[in-house]
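I have placed the structure first, in the form of structure tokens, so that the comments after it can refer back to it.
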Amino acid sequence: MDTLLEVENLAIRFRTAQGEAAAVSDVSFSLKRGETLAVVGESGSGKSVTSLALMRLLPKPPRCHVSGRIRLRGKDGALLDVLDLPEEAMRTVRGNNLAMVFQEPMTSLNPVRTIGAQITETIRLHRPMPPRAAEEEAARLLDLVGIPSPRQRLSAYPHQLSGGMRQRAMIAMALSCEPSVLIADEPTTALDVTIQAQILDLLRNLQQRTGMAVIFITHNLGVVAEIADRVMVMYSGRVVEQADVVPLFRTPLMPYTQGLLRSVPRLDLAGRRAGPLPAIRGNVPDPRRPPAGCAFHPRCDFFQPSRCDATPPTLDKTPDGREVRCLRWQDSLLMAGSGEALPPQRGPGAEPLA
Amino acid sequence: MSSTTESLPFTPEEAAPPRNTAWRRFRRHRLAMLGAAVIAVLVLGSVLGPFVIPYDETYIDILHRFAPPFAGPHVLGTDELGRDMLARLMMGGRISLAVAFTAMAISMVIGISVGAIAGYYGGVVGAALMRLVDAVLCFPTIFLLLALAALVQPGLGSITLLIAATAWMEVARIVEGQIRALRERDFAVAAEVLGASDRYIVFRELVPNAIAPIVVSATLNVAKAILLESYVSFLGYGIQPPVASWGNMLNNAQIYLTSAPWLAVMPGLFITLAVTSFNFLGDGLRDALDPRMDQP
């Protein structure tokens, strides 16, 4: 009953002019009431495509094929099969059960309509009520997301609000029908750092009040540490590691996660000029021509020739209930246990830089 | 078709500047202000004028045939039956302007709907609709109109519909291009994510963003419709006498061109005034609603 969303073996393939591209394969996760799942990965790792698949907003076949199973618990407790719902029912699910906030508050509000009109009509899409009552509700929502003098703001146009205010208004719109799952696709990326913190606070606050679950898509690990209960790291369309936030940050098992964590600028090294920020070399592989074996092996410092480039790793469960997709995760675990610093330099025989 | 989109004077981002700046720019456009004033006078004159002046437009004053303008009780003179020219011009204005505005409204509804559906759904539906637009555009408007007018019983309603039927294609093209660009924008996706229906997205979210080019094209369409109505009525397929329209007044006047030139000059002048005014207004709106024109 407590599980709101269950995704099993989600796979998404796009047909492109250059052939078929597997954007996402074999993604499974579940989400409980009140939980925040952070989905982390580089651009092109399949995070946003996954969220669009949850919303069923991907192009229709033959351009795009989605398989697997997405089950969502409706407000009445019944399980809905998102991928099998008729379009009409899906429209009710969007906004009502699943809502989404986007990265760019500058462009995700309609520039020619007032904030009030946009929120009011979103409310009325799912909850039939007289315009006056919907306006009251809109003002209440703006107040809820911390917009001062909400009644006046109802008649403001988006360009009259600051970026942070716009993102708050966007969140108010997304919350208007009390969705049980909110997908936030990099909602703070386009904002100032101070505003980012406010928005994160706001989301956490709202979550405590409403009990909704949040899927937080980001590549900012600082934000992840701040807000997530659980983290799912994606690489090249696959889940490569999934764990609770504390163990993941303490002992990342997959070399890709380790790389991501190392490439975060650290405030405690300020002024020491510790050399260039470590970055993961190379680029995300082309989904139309994925490398053999582990998709990450050409960029991996842990690469073992004729093993990592031959056998595709499976998603293993560790004894403490984490999930990791790496042939050498036991080694990582040992190394972490022996107190050794993060992984060694590139092993012999590693491929040259991409 | 892509060339249509590229040559549009508006990109969606620029389509809707804050209203007051647009109004300021519009006021700076002298010709457009003049056009707006002339249109206001013409409309008011046509609507209210007949109540004010003492003559009925069909009253035949056989004793004062061919009275020249500005001499005597008939301010703008009389025609070959002694009917008061001013009264006829005002009633003709009612007909001509009513036909033009109604035809514009109908062509806008058709054009916006076709363009929006084609632009939003794209694919086969969009291609089919836009090829239809291209096909209809291939006919020279005047001949299409005359051919249709010859087949249909002439009348106020039929002539309005005919003009609308030859004027919706350009709007459809404009709207199609705008909607196609707008539908990829985040706010359209955001609306979809929150469960909005296609119709809601198209007409509440997207079309309002394309309102600037639509308004301009509507204004220019009125000018075109006035001209078309005059054409058709002049050639005898449009509004039938004794009902006056600016076009059929010209038709009557041609045989008296040398003896009573005011019979032709007056309606001609009104047609010219109305058409140029609407064109100026359209130009002014185009400039006012296009922020790239905003110089400090």
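So the sequences go chain by chain: A and B. Read left to right, the first sequence gives residues 0 to 353 (numbering that gives the first Met the number 0). Read left to right, the second sequence gives residues 0 to 295 (numbering that gives the first Met the number 0). A virtual CB, placed ideally from N, CA and C, is assigned to each residue, including glycine.
Neighbouring residues, chain A, relative to residue i (Cβ below 8 Å)
i	result
Pro-207 (chain B)	Asn-109, Val-111 and Arg-112
Ala-189 (chain B)	Met-99, Phe-101, Ser-107, Leu-108, Met-169 and Met-172
Asp-185 (chain B)	Phe-101, Glu-103, Thr-106 and Ser-107
Residue i, buried or exposed, once every other Cβ within 10 Å from all chains shown has been counted against 16
i	result
Met-128 (chain A)	exposed
Glu-34 (chain A)	buried
His-158 (chain A)	exposed
Trp-261 (chain B)	buried
Tyr-54 (chain B)	buried
Trp-22 (chain B)	exposed
Ala-134 (chain B)	exposed
Asp-184 (chain A)	buried
Phe-215 (chain A)	buried
Gly-154 (chain B)	exposed
Glu-228 (chain B)	buried
Ile-254 (chain B)	exposed
Gly-281 (chain A)	exposed
Asn-250 (chain B)	buried
Thr-271 (chain B)	exposed
Glu-183 (chain B)	exposed
Leu-106 (chain B)	Before going further, note that residue 106 (chain B) is Ser rather than Leu in the sequence given. Answer is buried; the Cβ neighbour count reaches 16.
Leu-96 (chain B)	buried
Cys-293 (chain A)	buried
Short CB-CB distance (under 7 Å) between residue i and chain A
i	result
Leu-193 (chain B)	yes
Phe-138 (chain B)	no
Met-0 (chain B)	Confidence is the limiting factor: at Met-0 (chain B) the pLDDT is only 41, short of 50, which leaves the residue's position unreliable and the question unanswerable from this model.
Glu-204 (chain B)	yes
Same chain, Cβ closer than 6 Å to residue i, five either side skipped, listed in chain order
i	result
Leu-30 (chain A)	Leu-3, Leu-4, Leu-36 and Ala-212
Val-274 (chain B)	Ala-222, Ile-225 and Leu-226
Cys-299 (chain A)	Pro-254
Pro-149 (chain A)	Ala-138, Leu-141 and Asp-142
Leu-147 (chain B)	Leu-161
Glu-41 (chain A)	Val-283
Ala-98 (chain A)	Ala-173, Pro-178 and Leu-181
Under 8 Å by beta carbon: chain B residues contacting residue i
i	result
Asn-204 (chain A)	What Asn-204 (chain A) touches in chain B: nothing, since even the nearest Cβ is about 21 Å away.
Leu-181 (chain A)	In chain order: nothing, as chain B lies at least about 11 Å away.
Leu-56 (chain A)	Val-188, Glu-191 and Val-192
CB contact check: residue i to chain B, cutoff 7 Å
i	result
Arg-14 (chain A)	no
Met-128 (chain A)	no
Leu-124 (chain A)	yes
Arg-90 (chain A)	yes
Proximal residues of chain B, C-beta to C-beta of residue i below 7 Å
i	result
Asn-95 (chain A)	Gly-194
Glu-135 (chain A)	The contacting residues do not exist; Glu-135 (chain A) stays about 19 Å from chain B at best.
CB-CB length for residue i against residue j, believed under 8 Å
i	j	result
Gly-236 (chain A)	Gly-45 (chain A)	4 Å
Gly-81 (chain B)	Ile-59 (chain B)	6 Å
Gln-102 (chain A)	Pro-178 (chain A)	Not confirmed; about 18 Å, so no contact.
Pro-49 (chain B)	Ala-99 (chain B)	Their Cβ separation, rounded to whole angstroms, is 18 Å, which puts Pro-49 (chain B) and Ala-99 (chain B) out of contact at 8 Å.
Contact set between residue i and chain A, taken where Cβ atoms lie within less than 7 Å
i	result
Phe-65 (chain B)	Within chain A, no residue comes near Phe-65 (chain B); the closest Cβ sits about 56 Å away, beyond 7 Å.
Chain-order list of residues whose beta-carbon lies under 7 Å from that of residue i (same chain, five-residue window excluded)
i	result
Phe-269 (chain B)	Leu-88, Gly-92 and Trp-245
Ala-137 (chain A)	Gly-115, Ile-118, Thr-119, Ile-122 and Leu-153
Leu-143 (chain B)	Thr-165
Val-37 (chain B)	Leu-272 and Ser-276
Leu-256 (chain B)	Ala-263
8 Å Cβ shell around residue i - same chain, five flanking residues per side excluded
i	result
Asn-109 (chain A)	Gln-117 and Pro-157
Leu-373 (chain A)	Any question about residue 373 (chain A) goes unanswered here, given that chain A covers just 0 to 353.
Leu-238 (chain A)	Per the sequence shown, residue 238 (chain A) should be read as Val rather than Leu. These residues qualify, in order along the chain: Asp-25, Val-26, Ser-27, Phe-28, Met-231, Val-232, Leu-314, Glu-322 and Arg-324.
Met-89 (chain A)	Arg-55 and Val-81
Glu-134 (chain A)	Gly-115, Thr-119 and Leu-153
Val-214 (chain B)	Leu-284 and Leu-288
Ile-198 (chain A)	Gly-163, Gln-166, Arg-167, Ile-170, Pro-186, Thr-187 and Leu-190
Neighbour list for residue i in chain B, Cβ cutoff strictly below 9 Å
i	result
Thr-121 (chain A)	Ala-190, Leu-193, Gly-194 and Ala-195
7 Å Cβ cutoff, residue i in contact with chain D
i	result
Gly-320 (chain A)	The question asks about chain D, but that chain is absent: this structure's protein chains are A and B.
Residue i Cβ short of 6 Å to the ligand HEM heavy atom set
i	result
Arg-23 (chain B)	Questions concerning the ligand HEM fall outside what the structure shown contains, since it holds no ligand whatsoever.
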